[in-house]
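Chemist:
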Ligand code: ADP
Ligand code: MG
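In my numbering, the protein residues as written are 439 to 737.
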């Protein structure tokens, strides 16, 4: 098993919180997970020997460069895709397909456009044979929890991006899953809405007994949200490090300028964009020739 790396001095409050988290039972265990895709004659190894454990009420973020297998991993955890090797255990039982104990929120907006907001929230409950009146009652309770009860009869296209993702989150939570799987859920939002949604998600996480596995390629977002961050590398998707975030909770905007934040980010940057890769990037962008006769140069 891969050890967590604590490369920074953690404040005692962080140590204590992480110790409490690690003393809780393991909900999700991923052991030696491998995923190969057959493309033409050759195999693409999307995930190679991924192993980690997530504890109850942990907030785990997974980061890594584009194409490193983040979405593939979360789809396997959700039971939407089969692994080529290894296994995923949820509460000790192998994951063999989708199940109500796992809620999902995807990138972009995934609400059903033909259903009202209430209809979207009720959908999962009805699928699980909850009677219509009870489903409506529960949906309305969740909608009032996130302050959108006035929009119960509206359709998704009438909502802002942030509102849509709030509805997507409660739609995933109504079935009381053990674990919430989120694949870049805020990447389509503008910066301000995104920041508000991050804080709001932490509020929900605090109030609901839920474990979160959150995929993002935004390092600030990962540090702001996570207890621990799993860093993947690309081609093949391998585990690089599992980092404990040395920042106290509750997380606040001022933590973005804390020394621990900058140090964590520097470590993640070094893992995700090693110096040689920067060289490649520069080669990919040719220098722009002078396209103006005006000689008063700008820097
Ligand atoms: P990420 O979400 O980190 O950007 P993905 O999980 O989407 O990465 O993809 C990981 C790798 O697997 C990529 O190289 C991608 O091209 C490949 N891949 C993903 N899905 C398929 C598929 N259905 N068939 C073939 N290759 C795939
Ligand atoms: Mg992806």
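Positions of the beta carbon are idealized from the N, C-alpha and C atoms, including for glycine.
On a predicted model such as this, the values are computed, not experimentally measured, just so you know.
Would you please state the rounded distance, in angstroms, between the beta carbons of residue 618 and residue 611? I believe it to be under 8 Å.
Modeler: Indeed, because the Cβ distance is near 7 Å, the residues count as touching under 8 Å.
Chemist: Quick check on the DSSP output: what are the complete beta strand (DSSP E) runs of length 3 or more inside the stretch 463-510, in order along the chain?
Modeler: List check, beta strand (DSSP E) in window: 464-477, 480-493, 497-501.
Chemist: Quick one, are the C-beta atoms of residue 624 and residue 596 less than 8 Å apart?
Modeler: Result no, Cβ atoms of residue 624 and residue 596 do not sit closer than 8 Å.
Chemist: Alpha carbon to alpha carbon, how far is residue 574 from residue 640? Give it in angstroms, no decimals.
Modeler: So the two alpha carbons sit approximately 26 Å from each other.
Chemist: Leaving out five residues on either side along the sequence, give the residues of the same chain with a beta carbon under 6 Å from the beta carbon of residue 609.
Modeler: Closer than 6 Å at Cβ, skipping near neighbours: 558, 559.
Chemist: Would a C-beta distance cut-off of 8 Å place residue 727 and residue 486 closer than the cut-off?
Modeler: Not a contact, by the Cβ cut-off of 8 Å.
Chemist: If we require 4 or more residues per run, which alpha helix (DSSP H) segments fall completely within the stretch 547-614?
Modeler: Listed in chain order, they are 555-565, 570-583, 599-611.
Chemist: Let's see if you can read the secondary structure: which residues bound the alpha helix (DSSP H) around residue 545?
Modeler: Element bounds for residue 545: n/a, residue is neither H nor E.
Chemist: What's the C-alpha gap between residue 716 and residue 553?
Modeler: Residue confidence for residue 716 is low, a pLDDT of 49 falling below 50, so the modelled location carries little weight; the figure read from the coordinates is stated next. Between residue 716 and residue 553, the C-alpha separation is close to 46 Å.
Chemist: Using 10 angstroms around the beta-carbon of residue 439, count the other beta-carbons present and answer buried if the total reaches 16, otherwise exposed.
Modeler: Legend: pLDDT at residue 439 = 48, less than 50; position of this residue unreliable, value from coordinates given subsequently. Burial call: exposed.
Chemist: Cutting at 8 Å between CB atoms, please list the residues of its own chain near residue 551, excluding the five before and the five after it.
Modeler: Excluding residues within five positions, the ones whose Cβ falls inside 8 Å are 593, 594, 595.
Chemist: Residue 538 to residue 564, Cα distance in whole Å?
Modeler: Their Cα atoms are separated by approximately 12 Å.
Chemist: So residue 652 is in the beta strand (DSSP E); what residue range does that whole segment cover?
Modeler: Segment 649-653, the beta strand (DSSP E) holding residue 652.
Chemist: How should residue 476 be labelled, buried or exposed, when 16 other C-beta atoms within 10 angstroms of its C-beta is the threshold for buried?
Modeler: Residue 476 is exposed by the Cβ-count criterion.
Chemist: What whole-angstrom Cβ distance do residue 491 and residue 522 have, given they're in contact under 8 Å?
Modeler: Not really, about 21 Å apart at Cβ, beyond 8 Å.
Chemist: Could you name the residues that DSSP lists as bridge partners for residue 532?
Modeler: Answer is 527.
Chemist: Going by the C-beta, is residue 543 closer than 7 Å to any heavy atom of the ligand ADP?
Modeler: No, the Cβ of residue 543 stays beyond 7 Å of every heavy atom of the ligand ADP.
Chemist: So if DSSP puts residue 671 in a beta bridge, which residue, or which two residues, is it bridged to?
Modeler: For residue 671, which the question treats as bridged, DSSP gives the partners 676.
Chemist: Tell whether a beta-carbon distance below 8 Å holds between residue 662 and residue 497.
Modeler: Not a contact, by the Cβ cut-off of 8 Å.
Chemist: With respect to the beta strand (DSSP E) encompassing residue 685, which residues constitute its N-terminal and C-terminal limits?
Modeler: No beta strand (DSSP E) contains residue 685, which DSSP labels as neither H nor E.
Chemist: Does the contact criterion of 3 or more C-beta pairs under 8 Å hold for the stretch 700-713 versus the stretch 500-510?
Modeler: Yes, since at least three Cβ pairs between the stretch 700-713 and the stretch 500-510 fall closer than 8 Å, the two stretches touch.
Chemist: Measuring CA to CA, which of 605, 644, 649 is closest to residue 549?
Modeler: The option with the nearest alpha carbon to residue 549 is 605.
Chemist: Sort out for me which residues DSSP pairs residue 620 with in a bridge.
Modeler: In DSSP, residue 620 forms a bridge with 543, 652.
Chemist: What residue does the alpha helix (DSSP H) around residue 707 start on, and which one ends it?
Modeler: Residue 707 -> alpha helix (DSSP H) spans 697-710.
Chemist: Looking at the secondary structure, which residues open and close the alpha helix (DSSP H) in which residue 631 lies?
Modeler: Run containing residue 631: 629-645, per the alpha helix (DSSP H) assignment.
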